[in-house]
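Trainee: In the working numbering, the protein residues as written are 8 to 75.
Every residue gets a Cβ at the ideal spot worked out from N, C-alpha and C, and that includes glycine.
Encoded structure:
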């Protein structure tokens with residue numbers, strides 16, 4: 008499955024710090040539990056990528072002639 012392919016899969020997403028100073032992204036979906044741990048610097052890089060993707064998506068949805 009590619010990143011731009013729609014899916015009917017539903018998942019829960021939780022993000023928070025762990026007791027050992029990591030940032031955990033926890034994904035739970037239909038019999039799958041996926042804990043992903045990142046050091047704080049990696050988590051900041053992921054956050055920057057999320058913000059850039061949100062900005063790009065927002066630009067795609069902007070009315071024609073009015074890009075932010």
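Could you tell me whether the Cβ atoms of residue 53 and residue 45 are closer together than 8 Å?
Mentor: Yes, Cβ-Cβ distance for residue 53 and residue 45 is below 8 Å.
Trainee: Beta carbon of residue 27, beta carbon of residue 50: below 8 Å?
Mentor: The answer is no: Cβ separation not under 8 Å.
Trainee: Taking Cβ positions, are residue 16 and residue 37 nearer each other than 8 Å?
Mentor: Yes, Cβ-Cβ distance for residue 16 and residue 37 is below 8 Å.
Trainee: Hey, out of 12, 32 and 14, whose CA is closest to residue 21's CA?
Mentor: Checked all of 12, 32 and 14; the closest Cα to residue 21 is 32.
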